[in-house]
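*Asks:* Sharing a structure with you now.
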Amino acid sequence: MDGYLKEHPILEFKRGKKIKFFFEDREIEGYEGLPIAAALHAAGIKVLSFSERYNRPRGFFCAVGKCSSCLMEVDGHSNVMVCMELLKPGMKVRRQKGKSQKQ
Amino acid sequence: MNSSAKNQDPRPKNNIQNFSSSEFPNFDICIIGGGPAGLEAGIIARRLGAKVMIIDDNPVLGGQLIKQTHKFFGSKAHYCGVRGVDIAGILSKEIKDLGFDVLHNATVVGYYDDDIIGVLQHDKLLSVKARAYIFATGASENMLAFDNADLPGVYGAGAVQTMMNVYGVVPGKRAVVIGSGNIGLIVPYQLLQAGVEVAAIIEIMDKVGGYYVHAAKLKRAGVPIILKHTIIQAQGRDCVEAALISKVDGKYKCLPGTEKTIECDMILIAIGLSPLCELLYQAGCRIDYIPELGGHVPLHNEDMMTTQKNIFVCGDLACIEEASTAMLEGKIAGAKAHEVIYGETKQGKEIAQQAKRELAVIRSSPFEQRITYGLNKLK
Ligand SMILES: Cc1cc2nc3c(=O)[nH]c(=O)nc-3n(C[C@H](O)[C@H](O)[C@H](O)COP(=O)(O)OP(=O)(O)OC[C@H]3O[C@@H](n4cnc5c(N)ncnc54)[C@H](O)[C@@H]3O)c2cc1C
Numbered sequence: 005m006d007g008y009l010k011e012h013p014i015l016e017f018k019r020g021k022k023i024k025f026f027f028e029d030r031e032i033e034g035y036e037g038l039p040i041a042a043a044l045h046a047a048g049i050k051v052l053s054f055s056e057r058y059n060r061p062r063g064f065f066c067a068v069g070k071c072s073s074c075l076m077e078v079d080g081h082s083n084v085m086v087c088m089e090l091l092k093p094g095m096k097v098r099r100q101k102g103k104s105q106k107q
Numbered sequence: 065m066n067s068s069a070k071n072q073d074p075r076p077k078n079n080i081q082n083f084s085s086s087e088f089p090n091f092d093i094c095i096i097g098g099g100p101a102g103l104e105a106g107i108i109a110r111r112l113g114a115k116v117m118i119i120d121d122n123p124v125l126g127g128q129l130i131k132q133t134h135k136f137f138g139s140k141a142h143y144c145g146v147r148g149v150d151i152a153g154i155l156s157k158e159i160k161d162l163g164f165d166v167l168h169n170a171t172v173v174g175y176y177d178d179d180i181i182g183v184l185q186h187d188k189l190l191s192v193k194a195r196a197y198i199f200a201t202g203a204s205e206n207m208l209a210f211d212n213a214d215l216p217g218v219y220g221a222g223a224v225q226t227m228m229n230v231y232g233v234v235p236g237k238r239a240v241v242i243g244s245g246n247i248g249l250i251v252p253y254q255l256l257q258a259g260v261e262v263a264a265i266i267e268i269m270d271k272v273g274g275y276y277v278h279a280a281k282l283k284r285a286g287v288p289i290i291l292k293h294t295i296i297q298a299q300g301r302d303c304v305e306a307a308l309i310s311k312v313d314g315k316y317k318c319l320p321g322t323e324k325t326i327e328c329d330m331i332l333i334a335i336g337l338s339p340l341c342e343l344l345y346q347a348g349c350r351i352d353y354i355p356e357l358g359g360h361v362p363l364h365n366e367d368m369m370t371t372q373k374n375i376f377v378c379g380d381l382a383c384i385e386e387a388s389t390a391m392l393e394g395k396i397a398g399a400k401a402h403e404v405i406y407g408e409t410k411q412g413k414e415i416a417q418q419a420k421r422e423l424a425v426i427r428s429s430p431f432e433q434r435i436t437y438g439l440n441k442l443k
């Protein structure tokens with residue numbers, strides 16, 4: 005859990021319960037109630053999907069649910085905006101390829 | 065199919081019947097966006113006696129304020145010296161005390177016939193109908209086109225601010241910031257506070273865009289602000305590993321041979337914001353291009369009324385400005401939306417007049433010349 009700010013001169017971070025979730029079948033720890041994207045970046049994962057035509061890696065851009073650059077597959081659903089969707093225990097998160105086939 | 069033949073409208077018909085609307089009785093005023101503008105609009109309309117609902121897509125109210133750890137500028141009446149995040153707390157408490165209906169984690173996704181809006185909350189699609197609407201959706205960060213601009217690690221500066229100050233996660237260790245407006249100066253300073261290195265701030269103009277005090281703090285901290293330069297490429301395989309910058313001439317053309325590589329794992333784009341007015345297009349409000357106000361903006365009068373008389377706007381959506389002006393515009397919109405439903409009241413009139421006077425004072429400052437010029441185009 006190295007990617008989280010521990011000390012800050014102004015802010016104090018109240019975090020939820022420490023939980024486990026899955027990224028591409030790999031078990032990762034995160035805090036419940038954080039956006040999935042925040043937990044992934046704290047774990048050093050920046051590539052969230054691959055573009056449809058040229059298979060280029062994609063990450064988030066706006067972090068406030070406006071740009072659709074962070075769409076991933078979550079629990080079998082594609083096109084989930086992970087900068088807004090909050091983390092729950094046991095969630096299965098995968099990198100999306102293009103539009104993805106999942107419903 | 066139950067569409068009648070007389071309806072020749074070529075637009076696709078919306079499946080309104082799929083909405084579940086039972087939970088929400090009709091409201092007087094529905095406010096879309098819970099930033100400083102929307103919250104002030106709600107507080108005023110509620111105080112005047114209207115039945116108000118606020119819809120916001122975040123878990124907490126406050127909009128941009130929740131990530132602003134710095135103390136605000138302006139006058140005492142407009143929370144000068146108070147940190148943005150604390151202003152959000154003050155306004156949220158007032159909303160709570162006034163007994164509001166607030167829909168959190170709910171995104172307004174469409175404006176339909178008969179003045180109904182569609183709201184997506186988790187897996188539910190809801191419909192809401194109000195007699196007047198106040199849109200306070202704010203703005204989104206502009207992207208910049210350069211080679212490899214889609215590489216992970218190229219982020220909006222405000223996006224990194226959200227990750228860092230709201231969630232306590234910094235998505236990198238060493239940043240290059242593009243643009244030296246107030247956001248391009250404040251976010252790197254906050255990165256330093258969080259222990260992140262800032263390699264440089266790149267500015268295409270020949271002077272810093274934001275307030276001098278912010279720039280001075282960075283200079284003292286040893287962060288170079290490189291003027292007359294722009295980014296031409298993000299470098300790296302899967303993620304950003306460096307930024308390639310170049311000097312520009314008087315016409316902003318890159319000068320060959322002046323390229324320089326700066327190692328970094330984040331490139332923060334801070335080149336401005338654009339109003340989020342998609343829903344207003346759907347609602348039939350007239351939108352015009354006024355670059356001084358932030359690009360495509362909804363036309364509105366001094367009462368913050370759009371070209372549709374039941375639809376009002378306020379805050380960054382109406383004009384990219386600042387939190388204090390957003391709150392004042394919100395007050396006007398709240399009072400005037402109440403007025404279209406219930407008619408003029410003495411109290412409502414006074415609130416709007418007072419807010420207009422305060423706006424005029426703020427906008428008389430030389431920093432606001434561009435805004436005033438843009439606002440004159442609305443007339
Ligand atoms: C880094 C930075 C520093 C700043 N510093 C200062 C400063 O020192 N002083 C100052 O006065 N101002 C400052 N500002 C500017 C100020 O924060 C903004 O002008 C102000 O927040 C605008 O308020 P708003 O209510 O219009 O929009 P916002 O604060 O953006 O709020 C809009 C809200 O609406 C929500 N929303 C949008 N669309 C929908 C939808 N379809 N459905 C539901 N909800 C939706 C958004 O998620 C958001 O919560 C700064 C801004 C930034 C980014």
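Quick mapping for you: the protein sequence lines, in order, are chains A and B.
Residues 5 to 107 in my numbering are what the first sequence lists, from first letter to last.
Residues 65 to 443 in my numbering are what the second sequence lists, from first letter to last.
Ideal placement from N, C-alpha and C gives every residue a C-beta, glycine not left out.
Whole angstroms is fine: what's the gap from B/SER429's alpha carbon to B/GLY274's?
*Replies:* Position 365 of the second sequence holds residue 429 of chain B. Position 210 of the second sequence holds residue 274 of chain B. Straight-line Cα distance between these residues: approximately 15 Å.
*Asks:* Which same chain residues end up closer than 8 Å to B/ARG466 when comparing Cβ atoms and leaving out the 5 residues on each side of it in sequence?
*Replies:* Only positions 65 to 443 of chain B appear in the structure, and residue 466 of chain B is not among them; the question remains open.
*Asks:* Using only the alpha-carbon positions, how far apart do B/THR193 and B/GLY407 sit?
*Replies:* As a first step, residue 193 of chain B is located in the second sequence; it is residue number 129 there, counting from the start. As a first step, residue 407 of chain B is located in the second sequence; it is residue number 343 there, counting from the start. One point to set straight first is that residue 193 of chain B is Lys, not Thr, in the sequence displayed. Spanning the two alpha carbons is a distance of roughly 20 Å.
*Asks:* Does the distance between the C-beta of B/ASN6 and the nearest non-hydrogen atom of ligand 1 fall short of 6 Å?
*Replies:* For chain B, the structure presents residues 65 to 443; residue 6 of chain B sits outside this window and is missing.
*Asks:* Does chain A have any CB closer than 7 Å to the CB of B/CYS341?
*Replies:* Numbered from 1 along the second sequence, position 277 holds the residue referred to as residue 341 of chain B. It does not; no Cβ of chain A falls within 7 Å.
*Asks:* Between B/THR201 and chain A, is there a C-beta pair that is closer than 7 Å?
*Replies:* What you label residue 201 of chain B is simply residue 137 of the second sequence in a count that begins at 1. Cβ-Cβ to chain A under 7 Å: no for B/THR201.
*Asks:* Can you tell me the Cα-Cα spacing of B/HIS402 and B/GLU366, whole angstroms?
*Replies:* Translated into positions along the second sequence, residue 402 of chain B becomes position 338. Translated into positions along the second sequence, residue 366 of chain B becomes position 302. Whole-angstrom Cα-Cα distance: 15 Å.
*Asks:* Quick one: complete alpha helix (DSSP H) runs, 4+ long, within the segment 399 to 439 of chain B?
*Replies:* Within the segment 399 to 439 of chain B, the complete alpha helix (DSSP H) runs of at least 4 residues are 410 to 427.
*Asks:* Indicate whether the contact test is met: 3 or more Cβ pairs, each with one atom in the segment 310 to 324 of chain B and one in the segment 285 to 298 of chain B, closer than 8 Å.
*Replies:* Short answer: they touch.
*Asks:* For the segment 46 to 62 of chain A, which residues have a CB atom closer than 9 Å to at least one CB atom of chain B, in sequence order?
*Replies:* Those would be ALA46, LYS50, VAL51, LEU52, SER55, ARG60, PRO61, ARG62, in chain order.
*Asks:* Should B/THR171 and B/ASP121 be called a contact, given that it needs their Cβ atoms to be closer than 7 Å?
*Replies:* Residue mapping note: residue 171 of chain B aligns to position 107 of the second sequence, counting from 1. Residue mapping note: residue 121 of chain B aligns to position 57 of the second sequence, counting from 1. Their beta carbons are under 7 Å apart, which means B/THR171 touches B/ASP121 by this criterion.
*Asks:* Within 6 Å: the Cβ of B/ASN122 and any heavy atom of ligand 1?
*Replies:* Residue mapping note: residue 122 of chain B aligns to position 58 of the second sequence, counting from 1. Indeed, a heavy atom of ligand 1 lies less than 6 Å from the Cβ.
*Asks:* Along chain A, in chain order, which residues have C-beta atoms closer than 8 Å to that of B/CYS303?
*Replies:* Along the second sequence, read from residue 1 onward, the residue named residue 303 of chain B stands at position 239. By Cβ distance, chain A contributes LYS50, VAL51, PRO61, GLY63.
*Asks:* Let me check you understand the geometry: is the CB of A/PRO61 closer than 6 Å to at least one non-hydrogen atom of ligand 1?
*Replies:* Taking the first sequence and counting its residues from 1, the one referred to as residue 61 of chain A is at position 57. Outside the cutoff, so no.
*Asks:* For B/ASN90, count the other beta carbons within 10 Å of its own beta carbon; 16 or more makes it buried, fewer makes it exposed. Which is it?
*Replies:* Position 26 of the second sequence, counted from the first residue, corresponds to residue 90 of chain B. Exposed, by the Cβ-count rule.
*Asks:* With respect to the beta strand (DSSP E) encompassing B/ASP150, which residues constitute its N-terminal and C-terminal limits?
*Replies:* Along the second sequence, read from residue 1 onward, the residue named residue 150 of chain B stands at position 86. Looking at the DSSP string, B/ASP150 is not in any beta strand (DSSP E); the run it does join, the alpha helix (DSSP H), is 148 to 162.
*Asks:* What in chain A is Cβ-close to B/MET227, meaning under 7 Å?
*Replies:* By 1-based counting over the second sequence, the position of residue 227 of chain B is 163. Neighbours of B/MET227 on chain A, chain order: ALA42, HIS45, ALA67.
*Asks:* For B/PHE136, verify whether its CB is less than 6 Å away from any heavy atom of ligand 1.
*Replies:* By 1-based counting over the second sequence, the position of residue 136 of chain B is 72. Checking every heavy atom of ligand 1 against the Cβ of B/PHE136, one is found closer than 6 Å.
*Asks:* Any idea if B/GLN411 is buried or exposed, counting beta-carbon neighbours within 10 angstroms, 16 or more meaning buried?
*Replies:* Taking the second sequence and counting its residues from 1, the one referred to as residue 411 of chain B is at position 347. Exposed, since its Cβ has fewer than 16 Cβ neighbours within 10 Å.
*Asks:* With burial defined as no fewer than 16 other Cβ atoms inside 10 Å of the residue's Cβ, what is the status of A/ILE14: buried or exposed?
*Replies:* For the purposes of this step, residue 14 of chain A is taken as the residue at position 10 of the first sequence. Exposed: under 16 other Cβ atoms inside 10 Å.
*Asks:* From what residue to what residue does the alpha helix (DSSP H) around A/ALA46 run?
*Replies:* Against the first sequence, residue 46 of chain A aligns to sequence position 42. 40 to 46 is the span of the alpha helix (DSSP H), which, as asked, contains A/ALA46.
*Asks:* Which partner residues does B/GLN132 have in the DSSP bridge list?
*Replies:* Your numbering for residue 132 of chain B matches position 68 in the second sequence. B/GLN132 pairs with nothing; no bridge assigned.
*Asks:* Listed from N- to C-terminal order along the chain, which residues in the segment 387 to 420 of chain B have their beta-carbon within a distance smaller than 9 Å of any beta-carbon of chain A?
*Replies:* Those residues of the segment 387 to 420 of chain B that come within reach of chain A (Cβ to Cβ, closer than 9 Å) do not exist; the list is empty.
*Asks:* Since B/THR226 is in the alpha helix (DSSP H), which residue starts that stretch and which ends it?
*Replies:* Position 162 of the second sequence, counted from the first residue, corresponds to residue 226 of chain B. Note, B/THR226: alpha helix (DSSP H), 221 to 230.
*Asks:* Is the Cβ of B/ASP121 closer than 7 Å to any Cβ of chain A?
*Replies:* On the second sequence, residue 121 of chain B is found 57 positions in, with the first residue counted as 1. By this cut-off, B/ASP121 is an interface position.
*Asks:* Does ligand 1 have a heavy atom nearer than 6 Å to the CB of B/VAL172?
*Replies:* By one-based count along the second sequence, residue 172 of chain B stands at place 108. Yes, the beta carbon of B/VAL172 sits closer than 6 Å to at least one heavy atom of ligand 1.
*Asks:* How would you write the range of the beta strand (DSSP E) that B/ILE250 sits in, first residue to last?
*Replies:* As a working mapping, residue 250 of chain B is identified with position 186 in the second sequence. Run containing B/ILE250: none in the beta strand (DSSP E); it sits in the alpha helix (DSSP H), 246 to 257.
*Asks:* Shorter than 6 Å, the distance from the beta carbon of B/ASP165 to the closest heavy atom of ligand 1, or not?
*Replies:* Here residue 165 of chain B refers to the residue found at position 101 when the second sequence is read from its first residue. Outside the cutoff, so no.
*Asks:* Within the 7 Å Cβ cut-off, does B/VAL233 reach chain A?
*Replies:* Numbered from its first residue, the second sequence carries residue 233 of chain B at position 169. Closer than 7 Å: yes.
*Asks:* Give every residue of the same chain whose Cβ lies closer than 7 Å to the Cβ of B/ALA109, excluding the five residues on either side of it in the sequence, and list them in chain order.
*Replies:* Locating residue 109 of chain B in the second sequence gives position 45, where the first residue counts as 1. The residues are ILE93, VAL116, GLY398, ALA401, HIS402.
*Asks:* Specify the secondary structure class of B/ALA307 as computed by DSSP and reduced to three states.
*Replies:* As a first step, residue 307 of chain B is located in the second sequence; it is residue number 243 there, counting from the start. Three-state result, B/ALA307: strand.
*Asks:* I need the DSSP call for B/PRO76, collapsed to helix, strand or coil.
*Replies:* Sequence index remark: in the second sequence, residue 76 of chain B carries index 12 (1-based). Interpretation of B/PRO76 is limited by its pLDDT of 37, a score under 50 that renders its predicted location unreliable; no figure is taken from the coordinates.
*Asks:* Compare the Cα-Cα distances from B/LEU423 to each of B/THR409, B/CYS144, B/MET391 and report the closest residue.
*Replies:* Counting from one through the second sequence, the residue named residue 423 of chain B turns up at place 359. The candidate whose alpha carbon is nearest that of B/LEU423 is B/MET391.
*Asks:* Assuming B/ALA298 and B/ILE331 make a contact with CB atoms under 8 Å, what is their CB distance in whole Å?
*Replies:* Start at 1 with the first residue of the second sequence, and residue 298 of chain B comes out as number 234. Start at 1 with the first residue of the second sequence, and residue 331 of chain B comes out as number 267. Right, their Cβ atoms sit about 6 Å apart.
*Asks:* Name, please, each residue of chain A whose Cβ falls closer than 9 Å to the Cβ of B/LEU215.
*Replies:* Stepping through the second sequence from its first residue, residue 215 of chain B is reached at position 151. Chain A residues near B/LEU215: ARG60, PRO61, ARG62, GLY63.
*Asks:* In whole angstroms, what is the alpha-carbon distance linking B/ILE250 and B/ASP177?
*Replies:* Locating residue 250 of chain B in the second sequence gives position 186, counting from the first residue. Locating residue 177 of chain B in the second sequence gives position 113, counting from the first residue. Cα-Cα distance, rounded: 42 Å.
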